[in-house]
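**Student:** Residue numbers are given in the UniProt record's numbering: position 53 of the sequence shown equals residue 53, and the series is strictly consecutive.
Take this structure, written in structure tokens, and hold onto it; I'll ask about it next.
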Amino acid sequence: MSGMYVDIQKSNSFLRKVFLYMIFGIILSVGTPIVLSLVAPQLLQLAFQYYRVLVIVELIAVFTLSFRVYKMSSGTVKSIFILYSMLNGLTLCTIGFLFEPRIVLYSFGIAFGIFAVSAVYGFKTSEDLASYSRFFKIGLISLILVSLVNLWIGATSLYWMITIGGTVLFTGLIAYDVNRIRNISFYLAEEDGEDVEKYAVMGALSLYLDFINLFLYILRFSGRKR
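Here is the structure:
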């Protein structure tokens, strides 16, 4: 009984780390452009000019974490996650110039609410959502391909289909990822601190990406640009 209690303690500790890292990443993404606009606006302008370069660096960071995480120290993994969160904040801050601030805040609030509900469901459900893995992979690939096609044809009806599909997909992915992370946490009781930290950061990255994408798709619903 005491062993089970310790395992549950370690599981809960791991989950707390995941959500704290995720929240920290979001705070960095929101705070970085705000701080730069106050203390070094010229750097923010430079980020706008080299937007594509920042996106490429972000992709490199994500792929590096995804494929080389087991070969890196937990400190390196955390540093890359912090760098990614800050860079993503710079690339996303262009939204502030496209949409009214109140619309951005409103969309952020809705995304947070949906995230909370989906996360609670993923954590509380007794069902193992791993069986939906193939569905989410196919859905994500399809969403990317259709979005790329619509960049060329610019169909309004397809735009709204993508928006609705993306919102539904990432709402489901939040529940799926939280469920997956919860299940992983039960097997981490015997892992050393280094591996636990790396797993926590990778879990946080998954939830961070889910939340950001959900927020962006909800923002598309507003349709109110400056």
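Idealized CB from N, CA, C, for every residue including glycine.
Where Ala200 and Tyr159 are concerned, what is the direct C-alpha to C-alpha distance, given to the nearest angstrom?
**Tutor:** 35 angstroms
**Student:** Beta carbon of Thr94: closer than 7 angstroms to some heavy atom of the ligand MG?
**Tutor:** As far as ligands go, the structure on display features none, and thus does not contain the ligand MG.
**Student:** Using 8 angstroms as the threshold, is the C-beta distance between Ala47 and Leu90 below it?
**Tutor:** yes
**Student:** To the nearest angstrom, how far is it from the Cα of Gly3 to the Cα of Gln9?
**Tutor:** Low per-residue confidence applies at Gly3: pLDDT is 47, beneath 50, and the placement is therefore not dependable enough to give any value.
**Student:** Return the chain-ordered list of same chain residues with a C-beta closer than 6 angstroms to the C-beta of Ser206, the five sequence neighbours on each side being excluded.
**Tutor:** Asp177
**Student:** How about Leu44 and Ser37: do their beta carbons lie closer than 8 angstroms?
**Tutor:** Going by beta carbons, Leu44 and Ser37 fall inside the 8 angstroms limit.
**Student:** In three-state DSSP terms, what is Phe14?
**Tutor:** Three-state result, Phe14: helix.
**Student:** Return the CA-CA distance between Tyr21 and Thr156, expressed in angstroms with no decimal places.
**Tutor:** 37 angstroms
**Student:** Alpha carbons only, please: which of Gly203, Phe221, Tyr208, Leu214 is nearest the one belonging to Val69?
**Tutor:** In this structure, Gly203 is the residue among Gly203, Phe221, Tyr208, Leu214 with its C-alpha nearest to the C-alpha of Val69.
**Student:** If distances are taken between C-alpha atoms only, which option among Leu54, Leu169, Ile80, Ser118 comes closest to Cys93?
**Tutor:** Leu54
**Student:** Check this for me: beta carbons of Leu219 and Ser147, under 8 angstroms apart or not?
**Tutor:** no
**Student:** Which term fits Thr125, buried or exposed, when burial requires 16 or more other beta carbons within 10 angstroms of its beta carbon?
**Tutor:** exposed
**Student:** Any chance the segment 137-144 sits against the segment 103-122, with 3 or more Cβ pairs inside 8 angstroms?
**Tutor:** no
**Student:** Leaving out five residues before and five after Ser85 in sequence, what residues of the same chain have Cβ atoms less than 6 angstroms from its Cβ?
**Tutor:** Cβ neighbours of Ser85 beyond the five flanking positions: Gly25, Leu28, Ser29.
**Student:** Classify Asp128: buried if its beta carbon has 16 or more other beta carbons within 10 angstroms, exposed otherwise.
**Tutor:** Around the Cβ of Asp128, a 10 Å sphere holds fewer than 16 other Cβ atoms; the residue is exposed.
**Student:** Between which two residues does the alpha helix (DSSP H) harbouring Gly109 extend?
**Tutor:** 101-124
**Student:** Please state the DSSP three-state secondary structure of Ser73.
**Tutor:** coil
**Student:** Distance, Cα to Cα, Gly113 vs Asn213?
**Tutor:** 14 angstroms
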